[in-house]
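The opening position of the sequence shown corresponds to residue 1091 in the working numbering, with each subsequent residue numbered one higher. Ideal placement from N, C-alpha and C gives every residue a C-beta, glycine not left out. I have placed the structure first, in the form of structure tokens, so that the comments after it can refer back to it.
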Amino acid sequence: MNTEFWVTCPYCFEQVEIYIEPDVEGEFVQDCEVCCQPWRIRLVRDAEGMGFVEVTRAQ
Ligand SMILES: [Zn+2]
């Protein structure tokens, strides 16, 4: 079960590594560490618990 993900900020286009608790799934909002803009993060896990993230603008 992976908890660290590399995502590309949809605002500043920096690559940022984020940590997500292993029991977290679904959609939530988190600010970019670089530009502080709000991300909407969608995390889906498969049967093995392997997660995939999508990041879009929350505004
Ligand atoms: Zn950013």
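Range of the contiguous beta strand (DSSP E) that encloses residue i
i: PHE1095; result: 1094-1098
Local conformation of residue i per DSSP, three classes
i: VAL1124; result: coil
i: GLN1105; result: strand
i: GLU1111; result: coil
i: GLY1139; result: coil
Check whether residue i and residue j have beta carbons under 7 Å apart
i: ARG1132; j: GLU1111; result: no
i: VAL1106; j: VAL1114; result: no
i: VAL1124; j: GLU1104; result: yes
i: VAL1145; j: PHE1095; result: no
Beta-carbon contacts of residue i that lie in its chain and below 8 Å, excluding the five residues immediately before and after
i: MET1140; result: MET1091 and ASN1092
i: GLN1120; result: ILE1108, PRO1128, TRP1129 and ILE1131
Exercise answer, beta-carbon shell around ligand 2 heavy atoms below 6 Å: In the structure on display, ligand 2 does not appear, and the ligands it does have are ligand 1.
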